[in-house]
Each structure stands twice: as C-alpha cells, then as structure tokens.
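Chains as they are written, first to last, in this note's numbering: chain R, 39 to 540; chain Z, 109 to 264.
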C-alpha cells in the first residue's frame with residue numbers, strides 16, 4: 039500500500055481520459071444540485087443513481103459517485119448562505135454567518151469564499167490521502183467506543199459556545215433535541231421509547247426533518263410576517279470575494295482543513311460534527327469572536343473547509359480498511375462490491391489502477407467544482423432576486439421533497455411542519471436553533487458509543503478517563519463547559535451591576 | 109406573551125412539563141437483563157435535565173427586574189398571511205396521498221403565490237403548473253422517487 043509516483047501518474051492518465059472526465063463532470067454537477075436541494079443529500083443522490091451506474095465500467099462509475107459525494111459538500115452551502123436553509127446538516131454552521139453576510143449584500147463573496155475554502159481544503163486533504171493513507175488508517179483503528187463517546191460528548195459541549203448569551207435556552211434546545219432523538223426504538227435493544235402508544239413514532243424522528251423544519255419552514259413563517267417583496271432588499275455590493283476576504287480567511291481554511299481531515303478519518307464521525315467543531319475552533323481563534331453569528335467570513339470558510347476536508351479523508355478508512363465511515367460511503371462500498379471489488383489493504387496491491395484513478399479524479403473533481411461554482415456564484419446569489427411570493431412556495435416544495443425523500447414517510451413531512459412552527463417560536467423567544475440540530479445529530483451515535491464502552495468496561499465509567507485519547511476529549515469538553523459557564527456568569531454579573539448603577 | 113419575560117415564564121413551564129412527561133414515560137420503558145446501559149437511563153437524564161432547565165428559565169424570568177423586552181409579533185395582516193400559509197401547507201400535505209404530489213404541488217404553488225403576490229390568476233396557474241410538471245418529470249419519472257401519484261395513477 040505504499041505511495042508511488044508512477045501509480046499516481048497512471049491514475050491521472052486514466053482519470054484524464056475524456057470518458058472518465060465526462061463522468062467526473064456529471065457527478066460534480068449532480069452532486070452540487072443534490073447538495074443545493076434541502077434534505078436530499080449525497081446518500082440519496084448515490085442511491086438514486088446506483089442502478090444507472092450498473093451499465094458503466096467500475097472506474098467511471100466510482101469516479102462519478104465519488105464526485106456526487108464531494109460535489110454535494112460544495113452545494114450544501116448555497117441555500118444555507120442565500121436563503122438560510124442548509125442543504126445538509128453539515129451546512130448548518132455555514133448558515134449562521136453566511137445568511138447574515140447575504141443580508142448585508144455580501145452573499146456573492148460568501149458563496150465565493152465557501153467555494154475557495156472547499157477547494158483548498160479538498161486539495162490539501164487529498165494530498166494527505168495520497169501520501170499518508172495507510173498510516174492514517176491506523177489512527178482510525180485507535181478509536182474505540184470510549185474515544186467515540188468522548189469525542190461526541192466534546193462535540194455536544196459546543197452547545198455552550200453556540201448558545202452565546204442564551205446559555206440556559208441553548209441547553210434547553212440541546213435537551214429537547216436529545217429528547218426528540220430518543221423517540222422510537224433503542225438502537226441496541228430495540229425497545230420502544232417515548233412513543234406514547236403511537237405506532238408512527240416507532241420509526242423515530244429523522245434529523246433531516248428537524249433541520250428542514252427549523253430552518254426552511256421556520257424561515258418562511260418569519261418572512262411572511264411582513265409583506266416583503268424579496269427575502270432581503272440589501273443592494274449587492276460585489277459578486278466575488280475581495281482580496282481582503284481571502285487574506286482574512288486563508289489561515290481559517292488551513293486550520294479547518296486539519297480539523298475536518300482528522301475528524302473525517304474516524305468512522306462514525308460525520309461531516310456535521312466536523313463542521314460544528316471547526317466553527318467553534320475558528321470562533322476561539324478569531325480576533326473578533328463577537329462577529330460570529332453576525333456575518334463573519336471565517337464563520338463560512340471554517341465549516342466549509344472542514345466539510346470538504348472531511349469528505350476526502352473519509353475515503354481513507356473506506357479504501358484502506360474497507361470500513362465505510364458513514365452512510366454515503368457505505369453506499370459506495372455497496373457499489374464497489376457490486377463490481378466484485380473488496381476495499382481494504384489488498385485493493386491497493388491487486389487493483390492499484392482503480393484506486394489511484396479514483397484518487398486522481400478527486401483532484402480533478404475539486405478543480406472542476408471550483409471552476410463550476412465560482413462563475414455560478416452570481417447565479418445562486420440572484421436567487422434572492424426572485425420575488426418572495428414565488429420563491430417562498432418553491433422553497434416549501436423543495437423542502438418537502440427533501441423531507442419526504444429520506445424515508446418516503448409522510449410522517450417526516452408532518453414532523454418538518456411541526457418543527458417549522460417550533461423553529462418560528464424559538465426565533466421569537468430567543469432560543470438558538472443550532473443546539474437542537476447538534477443534539478439531534480449526535481444523540482444516537484453518542485448513546486451507541488456509551489453502551490458499547492460500558493459493555494467493554496463492565497459498567498465502569500472510568501474507561502473514559504483511563505484511556506489517553508478519551509481522557510483528552512473529556513478534559514476538552516469539561517474545559518469548554520466550565521469556560522462557557524464562567525463567561526455567562528461574568529456577563530450576568532456585569533449586567534446586574536449596570537442595572538443597579540442605573 | 110407580549111414580553112420576553114412572559115414568554116420565558118411560559119416556555120420554561122412548558123419545558124419543565126416536557127421534562128416531567130419524559131420522566132414519567134421513561135418509567136414505562138422496559139429494559140433487558142444483561143444490558144450495559146438500561147434503555148430508560150438516557151430518557152430519564154434528559155427528563156431531569158429539561159425539568160431543571162425549565163425551572164431555571166422560570167426562576168430567571170421571575171427575578172428579572174430590567175426594562176420589559178417586547179416580543180416582536182407580526183401585525184394582523186402578518187398573522188393572517190402566516191395562518192393562510194399554514195393552512196395551505198396542512199391541506200397540501202393532507203391531500204397529497206389522494207390527489208398525488210404533482211397535482212397538489214400545482215395547486216399549492218398556484219394558490220399561495222396568487223395570495224401572496226396578488227398576481228393574475230393565469231400567471232399563478234402557469235407557475236403552479238410549471239412546478240408540478242418539474243416535480244413530476246424530474247423527481248418522479250427521471251429520478252424514480254416514490255412520491256404518491258394519486259389521480260395520475262389512473263393514467264398509468
């Protein structure tokens with residue numbers, strides 16, 4: 039499984055054939071479109087196109103499906119920035135600042151920075167995949183259930199940061215998100231929980247329905263309050279990012295690449311986790327953390343960089359170990375096995391042309407996506423020019439398609455409407471939305487990791503503190519929580535002091 | 109709930125009640141012998157957490173002595189628009205199975221765009237029809253997604 043320039047060269051030669059280039063382009067286009075549509079993610083995209091790829095040889099089929107995957111990562115930020123509707127759960131942090139920038143007339147630069155950050159992160163992480171895949175695969179193996187639980191717990195502690203001044207309300211949102219995720223069947227024993235006798239609730243509440251409801255439908259209700267002609271009327275200042283925007287964010291791009299890459303290596307740690315972690319990291323490193331949530335360009339570059347770095351890194355456990363790190367790559371694994379290809383260490387020695395062709399095509403795909411998306415920035419930003427009486431119903435229709443296409447259950451559609459009402463009221467009463475989403479995403483993997491860890495340790499919780507990696511994440515988590523509580527306490531004391539002085 | 113204080117009192121109470129309901133419901137969750145973590149553990153913890161946080165929000169609201177912060181509710185027209193949109197959505201979802209996704213999409217987009225934009229009827233109908241056709245041919249025919257066809261099944 040060693041790197042070889044000759045093999046990489048052959049991979050590029052193969053990937054650059056017109057036939058394979060065509061399928062890389064098709065995959066990139068479809069992936070971008072799939073990413074733009076709320077709720078229809080790369081998993082659905084690959085699942086829908088899988089039957090069509092059976093007529094293709096293995097290399098172009100895998101190249102196309104890989105392109106759909108990372109193309110969707112590019113596309114997910116578009117609606118998040120332009121209309122505050124994340125195309126993917128991983129795009130939720132992007133929406134926090136991207137939409138604020140769009141309201142300030144800087145939607146074009148935000149989209150441009152998202153594309154550039156995705157390109158930079160995607161390319162750098164591919165270098166990691168190219169040269170260090172075997173060594174990095176062993177990092178993934180070092181993570182067991184205790185480490186996963188500690189990582190998820192640390193990610194959950196970011197609620198403190200996401201809640202800003204409304205800590206109690208943020209925690210309430212987190213707990214409500216956990217509660218909704220616990221509805222349905224226990225993931226290990228299959229016992230039904232919190233269903234109150236309703237058979238429809240056995241299927242549980244899907245987090246896509248939560249995201250679509252809170253962001254898409256909630257935003258529609260807010261926009262209906264006044265008779266608006268457009269979702270925002272700010273004059274567009276410029277369509278592309280300025281050199282200042284790039285100077286402000288290039289360090290962010292590099293840093294978020296590292297965060298996204300290492301978290302992406304870990305099976306079970308989805309892109310959404312790395313984007314939230316990257317957002318928090320950038321906020322802590324920023325010279326102006328107060329701008330986050332109000333239009334900080336780093337708040338767009340960070341999550342988007344992490345997203346794309348993670349999506350490239352996820353190919354390492356898949357190709358090197360045969361372990362799909364998430365549902366989308368599980369589909370890809372299924373596609374490989376359809377062709378009689380078994381990913382793992384032997385794939386690199388038995389079918390090196392296929393492996394290196396896929397890796398080479400990912401470099402090319404990244405360039406394609408940048409070339410496709412940068413000129414399209416003006417097109418996407420102009421979505422906001424569509425009169426709201428037309429745009430609003432269209433957003434509803436596409437959001438509904440997204441909610442329904444997850445499990446083809448009307449239940450998910452009704453849930454998204456319910457969460458739309460909840461999201462509207464949360465906005466009215468000052469409850470932050472991001473903690474609900476984060477908790478909904480993390481609840482199940484957190485519980486599964488906890489149960490598995492306790493099974494290993496025969497019920498002892500010290501397992502999270504006597505393994506170094508787990509201990510490191512637990513200490514980080516407690517540090518984040520304590521710091522957040524201290525900052526809250528201090529700001530409240532200042533407020534009380536000011537009130538008494540008045 | 110005109111002020112944030114009254115809203116916090118209400119939402120804190122609701123959260124506390126939600127916590128209580130979760131706690132009570134978790135008592136009925138059946139566990140299995142030999143499990144490392146009982147299935148009712150996490151729901152119970154979440155229930156206690158909601159109860160505590162809800163109580164905390166209520167207490168902070170009661171103790172608040174500053175100037176009242178108003179909740180910005182929409183005016184009557186705004187409420188009417190939201191109500192119409194909500195009823196349209198419920199109707200859209202309610203008849204989707206029987207009429208089919210393309211037809212209900214056409215009616216929904218035509219109706220809501222006409223109401224919100226006060227366009228001429230034929231403009232809204234055209235928009236609705238275009239959306240319905242897009243949904244049908246792209247998502248149902250080409251991508252093969254299993255949306256309900258409803259009345260269109262008679263044509264197939």
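Cβ coordinates follow ideal geometry from the N, Cα and C atoms, glycine included.
Rounded straight-line distance, which links the Cα of residue j to that of residue i
i	j	result
residue 154 of chain Z	residue 126 of chain Z	10 angstroms
residue 384 of chain R	residue 398 of chain R	19 angstroms
residue 333 of chain R	residue 413 of chain R	23 angstroms
residue 146 of chain Z	residue 503 of chain R	22 angstroms
residue 64 of chain R	residue 102 of chain R	7 angstroms
residue 57 of chain R	residue 405 of chain R	17 angstroms
residue 277 of chain R	residue 136 of chain R	14 angstroms
residue 261 of chain Z	residue 54 of chain R	45 angstroms
residue 149 of chain R	residue 127 of chain R	17 angstroms
residue 235 of chain R	residue 361 of chain R	37 angstroms
residue 214 of chain Z	residue 421 of chain R	21 angstroms
residue 527 of chain R	residue 209 of chain R	15 angstroms
residue 122 of chain Z	residue 159 of chain Z	9 angstroms
residue 71 of chain R	residue 180 of chain R	36 angstroms
residue 210 of chain Z	residue 150 of chain Z	42 angstroms
residue 289 of chain R	residue 216 of chain Z	47 angstroms
residue 458 of chain R	residue 206 of chain R	22 angstroms
residue 111 of chain R	residue 169 of chain Z	42 angstroms
residue 192 of chain Z	residue 179 of chain Z	22 angstroms
Selection from the options that minimises the alpha carbon distance to residue i
i	options	result
residue 519 of chain R	R:297, R:193, R:219 and R:414	R:193
residue 464 of chain R	R:80, R:525 and R:259	R:259
residue 358 of chain R	R:342, R:345, R:379 and R:344	R:379
residue 268 of chain R	R:162, R:121 and R:191	R:121
residue 460 of chain R	R:106, R:247 and R:372	R:247
residue 368 of chain R	R:142, R:170, R:156 and R:88	R:88
residue 119 of chain Z	Z:167, Z:137 and Z:156	Z:167
residue 196 of chain Z	R:341, R:130, R:255 and R:240	R:255
residue 186 of chain R	R:528, R:401 and R:311	R:311
residue 336 of chain R	R:44, R:132 and R:188	R:132
residue 327 of chain R	R:308, R:199 and R:297	R:199
residue 510 of chain R	R:188, R:183, R:141 and R:144	R:188
residue 237 of chain Z	R:497, R:523 and R:432	R:432
residue 225 of chain R	R:489, R:108 and R:524	R:489
residue 239 of chain Z	R:331, R:197 and R:435	R:435
Neighbour list for residue i in chain R, Cβ cutoff strictly below 7 angstroms
i	result
residue 157 of chain Z	213
residue 138 of chain Z	229
residue 161 of chain Z	206, 209, 210 and 213
Residue i, DSSP secondary structure in three states
i	result
residue 231 of chain R	strand
residue 56 of chain R	helix
residue 116 of chain R	helix
residue 335 of chain R	coil
residue 473 of chain R	helix
residue 223 of chain R	strand
residue 151 of chain Z	helix
residue 168 of chain R	helix
residue 176 of chain Z	coil
residue 387 of chain R	helix
residue 478 of chain R	helix
residue 111 of chain Z	strand
Neighbour list for residue i in chain Z, Cβ cutoff strictly below 9 angstroms
i	result
residue 264 of chain R	182, 183, 185, 186 and 189
residue 305 of chain R	Those do not exist, as residue 305 of chain R stays about 21 angstroms from chain Z at its closest Cβ, beyond 9 angstroms.
Residue j beta carbon less than 9 angstroms from that of residue i
i	j	result
residue 491 of chain R	residue 501 of chain R	yes
residue 455 of chain R	residue 201 of chain Z	yes
residue 345 of chain R	residue 99 of chain R	no
residue 146 of chain R	residue 416 of chain R	yes
residue 115 of chain R	residue 156 of chain R	yes
residue 317 of chain R	residue 484 of chain R	no
residue 319 of chain R	residue 293 of chain R	yes
residue 302 of chain R	residue 340 of chain R	no
residue 230 of chain R	residue 137 of chain Z	yes
Chain Z contact residues for residue i, given Cβ-Cβ distances below 7 angstroms
i	result
residue 489 of chain R	144 and 145
residue 452 of chain R	201
Contacts that residue i makes with chain R (C-beta to C-beta distance below 9 angstroms)
i	result
residue 255 of chain Z	439, 442, 443 and 446
residue 170 of chain Z	Chain R residues near residue 170 of chain Z: none, gap ~13 angstroms exceeds 9 angstroms.
residue 166 of chain Z	Near residue 166 of chain Z there are no residues of chain R at all, since even the closest Cβ is about 10 angstroms away, more than 9 angstroms.
Beta-carbon neighbours of residue i, restricted to chain Z and to distances below 8 angstroms
i	result
residue 428 of chain R	221, 225 and 235
residue 258 of chain R	193
residue 466 of chain R	115, 179, 180 and 181
Closer than 8 angstroms at the beta carbon, the chain R residues around residue i
i	result
residue 216 of chain Z	431, 434 and 435
residue 245 of chain Z	Result: empty, since nearest Cβ-Cβ is about 13 angstroms, beyond 8 angstroms.
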